[in-house]
Structure formats: structure tokens, C-alpha cells
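In what follows, a structure is listed as C-alpha cells, so that the remarks can point back to it.
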Amino acid sequence: MQFRVLLARANRLFRAMRQEFAKPDDAWAAAYLPEPELRIYTSMDARDREHATRVAKRLLQLKPDSSQILIRAALLHDCGKQVRPYRWTERVWAGLQPIRHLDFETTMQKKQPLTALEVRALHPQLGAMLIRSGGGEARVAEIVDRHHHPLDDADAAWIHAVDELE
Ligand SMILES: [Fe+2]
Ligand SMILES: [Fe+2]
65 MQFRVLLARA NRLFRAMRQE FAKPDDAWAA AYLPEPELRI YTSMDARDRE HATRVAKRLL
125 QLKPDSSQIL IRAALLHDCG KQVRPYRWTE RVWAGLQPIR HLDFETTMQK KQPLTALEVR
185 ALHPQLGAML IRSGGGEARV AEIVDRHHHP LDDADAAWIH AVDELE
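The sequence shown begins at 65 in our numbering and counts up one residue at a time.
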């Protein structure tokens, strides 16, 4: 793993400990997000909002011609994590596990709330579902859906790459 990726993770760990440490630039995000998507963004934990705005701003630095859709997807890429309350110890623990492949439909049919590992594995699909059902843009949902496994989706590949830095 690259040194700067490790450094970014250590920095993120420190800021993850308390919601009050987070300083999301919500006004900046609100200028990009239409109302249905802003509602989803606003319901995210402040620490996830801070990460999201950092990813979106870094994306704009590295790719100044980023489309509005791509910036909106960057701001919402981890919105699926809000299905479970933010517990920083759990986030750190889950973050150290390899991402397992889980079948979305099968996992969603379970009665009990999703575990931390399930949310880690499925938050791209969960986020896409929240965006679609909340009245957000279909292409924003699609990019969010693919942000861990972009394959040939260039927009999703940008978010995947910048996500590693923030
Ligand atoms: Fe993610
Ligand atoms: Fe992320």
C-alpha cells in the first residue's frame, strides 16, 4: 500500500473518533445537489459528509472538467452507509477486513439489521437504492452503485481512485 494512502487512512481514523471533529463543507455541497439528493446528503453522518466533500473537491482538483453529475455522485458515493449508525470502532474494524462479495437481494431479505460488514460490502448498492427511491438522478445512482467496482465506467473509476486518497 502506498505511503500516502496509509497517511490518508490514519488522518481519517483520527477525524472519525468524534462527529464534532468533522467539518463538512455543507454549503459547498448544497450548491451542487438538487433537493432530493441534498436530502440524502444531509441525512449522512457529519464524518461521512466531510469525507464526501473532500473526495468531491479533490476530484475537481484532479479533473477540473468533472461534470455536475460526477460531482454529485462523489458527494453521495458513501450515502448507503447511513443505514447503520456511525460507530468509529466498528468502521475501523470493518475497514481492516477484506471486502467480501455478498449477494444484495439475499442479504436484504434478512430480518435483522445489516451488520457492519454487510454495510461495508453493500453500501454502493444501498446508496444507489436510496438515491433512486429518493428521487435522485438515475446516472448519479449508477455511478454510486459502481464506485467500488468501476469496470469500464470512467466516472465510477474516478471516484474509486480519489476515494483512496481521502
Ligand atoms: Fe464506498
Ligand atoms: Fe468513500
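Note that CB positions come from ideal geometry on N, CA and C, so glycine has one too. Just so we're clear, the structure is a prediction, and the values are computed from it rather than from any experiment.
Close-in-space but distant-in-sequence residues of the same chain around residue i (CB under 8 Å, 5 per side omitted)
i	result
Val183	Gly144, Lys145, Val147, Arg148, Ala158 and Leu190
Val204	Glu101, Ile133, Arg136, Ala137, Leu140 and Ile195
Arg151	Ala180
For residue i, the nearest candidate out of the options (CA to CA)
i	options	result
Asp109	Arg122, Leu126, Gln125 and Lys87	Lys87
Arg76	Ile104, Ala91 and Ala116	Ala116
Ala185	Gln125, Leu166 and Arg203	Leu166
Phe78	Ser107, Arg136 and Val156	Val156
Phe85	Thr106, Ala95, Arg111 and Phe67	Arg111
Gln83	Arg113, Arg68, Phe67 and Leu97	Arg113
Val226	Gln125, Leu160 and Pro177	Gln125
His187	Arg164, Pro98, Lys175 and Arg68	Arg164
Asp90	Val69, Lys121 and Phe67	Lys121
Burial state of residue i (16 or more Cβ within 10 Å)
i	result
Thr153	exposed
Ala80	buried
Asp216	exposed
Glu101	buried
Ala95	exposed
Pro162	exposed
Leu70	exposed
Ala192	buried
Leu178	buried
Contacting residues, own chain, Cβ-Cβ under 7 Å from residue i (five flanking each side not counted)
i	result
Ile104	Leu140, Cys143, Leu194, Ile195, Gly198 and Gly200
Trp92	Thr117
Ala220	Ile207, Arg210, His211 and Pro214
Ala72	Leu229 and Glu230
Ser107	Gln146
Lys127	Trp222
Leu97	Tyr105, Arg136 and Leu139
Phe168	Leu186 and Gln189
Phe67	none
Distance between beta carbons of residue j and residue i, contact taken as under 8 Å
i	j	result
Leu123	Ser131	Incorrect: roughly 11 Å between the Cβ atoms, too far for contact.
Other residues of its chain near residue i: CB distance less than 6 Å, five sequence neighbours each side excluded
i	result
His224	His211 and Pro214
Ala278	Since the first residue shown for the chain is 65 and the last is 230, residue 278 is missing from the structure and cannot be characterised.
Met172	none
Residues around ligand 2, please: the ones whose beta-carbon is closer than 5 Å to some heavy atom of it, in chain order. Qualifying residues, in the order they occur: Asp142 and Asp227.
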